[in-house]
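Residue numbers (the working numbering), protein chains in the order written: chain A, 204 to 422; chain B, 204 to 422; chain C, 204 to 422; chain D, 204 to 422.
A virtual CB, placed ideally from N, CA and C, is assigned to each residue, including glycine.
Since the structure is predicted, the reported quantities are computational estimates derived from the model, not experimental observations.
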DNA sequence: GATGAATGAGAATTCATTCAT
DNA sequence: TATGAATGAATTCTCATTCAT
């Protein structure tokens, strides 16, 4: 996959084609890199233009303001973060496969998000950093979460609680613990302490085990 | 406790007295508030001056640069975050009390950090936000952690693993999971979703239970 | 010659074309005037902008720093000050013409520099003033002098000493006295006491005579 | 002579006692050093205070403004520069000693000013630099020159012209050439090229010879 | 007299944005 | 569509000066 393909892919939501001119792609790429490195507020549009190899004015031909450029990066990414739950097969499988378990579910989730974070690390970094300052980003996330993830996640939990596999905690608590634990691992792994020697597979499995023991119904 | 006492208290490390002039305290207070709200890079020194009710020049009389002002806020806070481990009694108790357990330890840790985050929320927010951009902050944290926390934390874990209370996971993994889980709860509670209806006591207890079940030695 | 031509001409070294945009020329003109009047340190970029009729930001688009603006004025001028020695004909004539004498040489030098100082007075003023504070300017002058002037000047002196026309003083001493005397006249005439009634031709001739009598070989 | 004595001496004009408090002397000393190094405009009062070891406010207790501090340095120095002509003996000797000649006069002048410049170099530097920007300094110099030096200098020249020792040039021209030549040597020696290897005595003698040959009446 | 905290105007420089080409 | 010169408001920081102690 060449340099621009990953961008095209990220920005393409639900198979809708996105046309990115050459310059536009370079601007986005440059902006993502710099926002991730220095933060939105500390990155100047002229730096972005320089790194993208375009004129300063060109950025504003495509994005009316600097903020709009940020949102152009952030909005499709929000959808992609929610992606597994948007895939019809993903949740269906959980219910339909007779062998499946909550453990399999979070293992699939963990693996899927691990690959995602690894691939789109700079974007994740932007998220982590800018969510705090831009309430509109935070709201978008919450909306997408509530509309596309929450309900499905809850059905999964209900299902496994009915099967007696999960402790009788409120679904919200289980959701929070699951997400917190997975996100906590990924943030530590890729952002907080990326330089440690990580045995990813083992550490992920341990994290899953911890979570499962923590959440399973006590016999 | 009046407005300035909490600041005085925060900046006081290890009982050393800190003399803060009236103006200086107001500058720090204003800076903490604004950095927390809008981020360091997006906050101008003139805004800080205005909110603090001082002339802009006054800020630079006390702090040579804007960055130095940030560090003046951040450095003592790092120590305070590490505080429970710096308190002699805290760790000692864990070993000496015959009734103690890892569960009691993390319960104490959770309660202690819960109060801390609640009290100094704006500072925590600054941390969460600026660590990403300022490698010197990150390094300070890592140094303090390695010098003051890691060893003690490890001894606690060794102790309870020998007592057969904790699973035979590497200490590092247990430390990471413990911190991630507690920090994950506190961040969700106070920063990500502060507007939800939280039954703090119950949720903390559940989080502790989840962690304990996840980490305890399987019989 | 209109207002901008003299600037274009000054900045053009050795026939290399210099493209100065309209605004850029106005900035340089304004800067030269103000630096000459008030000195570099006492002139603010906002004043320069105002006099040049451009926005303050425009200055910094063309010159990264105020210092760079100074150097853009000063560097080509240094070459121009050395100019007569850079002209092939100038020194050649001295040796080839059978009628030439050291007196003719310094007369040519005096006339040439007189016209130069008269024409570019503000720049000379800047030089006189700023050399003291900016060692880089001083070094540039010394380098240009050593590389382009000193050797040629010395050859002229050797030549006329061999012809028995000049006293047997060290060449360095003769160079210093010649330059000091000419420069001393020009500074007094144009900078220290420009308001006196000067009969330029007569005073120059007297200066030349004084110098020649002072330097000629005693019979 | 200790550190402060030279200052006391410089500031004392015509035997009038000057009372300089300890702090005041330190301020003047520091100001002289810094103005000489970086120029008046580029030196801040806080730097002066720091170098003088006094509080910022103390400077303004003694000198209402920064400019006044400059003038406090510059004004007595102007008198001292004119000093030899102020000494009754100096000019009288020229006329009364039967052995004296214009050469002896300029030799005395040269030696006297050589010692002065050597001793008070920083002050000379301030002069050289600030005269250009402060017309009041320039005016002071001209006034002192016209009132105290010019007439006496002219009498000296008239005297030696009548004795047939000096060429029949206008007195003004001879004065200018004499001063230019002496000042030119001293500036080159101490300010422009102080790092060269100078054989001061020889070079001064040569300068005097050059000047004398240049100015003497042709037989 | 001396201090040094405080000031606010002003310094150099940066920046998002516009617009004529 | 792309450019990049131009803008002027805003930013960080400095400075001469004041004034309460």
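For residue 211 of chain D, the closest alpha carbon among the candidates D:361, D:293, D:283 is that of D:283. With respect to the 9 Å criterion, residue 281 of chain C and residue 343 of chain C are classified as neighbours on the basis of their beta carbons. Along the segment 267-285 of chain B, there is no position whose C-beta sits under 8 Å from a C-beta of chain A.
Taking a contact as a CB-CB distance under 8 Å, the pair residue 359 of chain B and residue 308 of chain B counts as one, their CB atoms being some 6 Å apart. When secondary structure is reduced to three states using DSSP, residue 419 of chain A falls in the strand class. Along the segment 288-302 of chain A, none of the residues has a CB nearer than 7 Å to a CB of chain B.
Sequence-distant partners of residue 236 of chain A (beyond 5 residues in either direction) whose C-beta falls short of 8 Å from its own C-beta, in its chain, are 254, 325. One alpha carbon belongs to residue 251 of chain C, the other to residue 413 of chain D, and they sit about 45 Å apart. When secondary structure is reduced to three states using DSSP, residue 372 of chain A falls in the coil class, being assigned neither helix nor strand. For residue 309 of chain A, the uninterrupted alpha helix (DSSP H) run begins and ends at 305-322, by DSSP. The three-state reading of DSSP puts residue 396 of chain D in coil, since its state is none of H, G, I, E or B. In the three-state reduction of the DSSP assignment, residue 243 of chain C falls in the coil class.
Taking C-alpha positions only, residue 256 of chain C is separated from residue 269 of chain B by approximately 33 Å. When DSSP states are grouped into helix, strand and coil, residue 337 of chain B belongs to the coil group. Cβ contact annotation for residue 411 of chain B (same chain, cutoff 8 Å, sequence separation greater than five): 306, 309, 310, 313, in chain order.
Relative to the Cα of residue 271 of chain B, the nearest Cα in the group B:386, B:337, B:239 belongs to B:337. Distance between residue 402 of chain B and residue 392 of chain B, taken at the CA atoms: about 10 Å. Assigned with DSSP and collapsed to three states, residue 285 of chain D falls in coil, not helix or strand. In this structure, residue 407 of chain A sits near residue 317 of chain A, with a CB-CB distance shorter than 9 Å. Along the segment 303-336 of chain D, going in chain order, the ones with a CB nearer than 8 Å to a CB of chain C are 328, 331, 332, 335, 336. Distances from the alpha-carbon of residue 405 of chain C to those of D:420, D:421, D:375, D:387 put D:375 closest. Scanning its chain for C-beta atoms nearer than 8 Å, with the 5 sequence neighbours on each side dropped, one finds around residue 288 of chain B the residues 294, 351, 352, 355, 356, in chain order.
For residue 420 of chain D, there are no C-beta contacts with chain C under 9 Å, since the nearest C-beta of that chain is about 11 Å from it.
Taking a beta-carbon distance threshold of 9 Å, residue 252 of chain C does not count as an interface residue toward chain D. For residue 406 of chain D, a Cβ of chain C is located within less than 9 Å of the residue's own Cβ.
Contacts between residue 414 of chain D and chain C, judged by CB atoms closer than 7 Å, involve 417 in chain order. Assigned with DSSP and collapsed to three states, residue 297 of chain B falls in helix.
Against chain C, the CB of residue 387 of chain D has a partner CB under 9 Å away; the residue lies at that interface. Looking from the CA of residue 399 of chain C, the closest CA among D:394, D:345, D:418 belongs to D:345. For residue 355 of chain C, the enclosing alpha helix (DSSP H) starts and ends at 354-365. For the segment 344-361 of chain B, no residue has a beta-carbon sitting nearer than 8 Å to a beta-carbon of chain A.
Under the DSSP assignment, residue 248 of chain D falls in the alpha helix (DSSP H) whose first and last residues are 248-255. Contacts between residue 248 of chain A and chain B, judged by CB atoms closer than 9 Å, are missing: the closest CB pair is about 14 Å apart. Looking only at B:292, B:298, B:395, the smallest Cα-Cα distance to residue 331 of chain B is reached by B:395.
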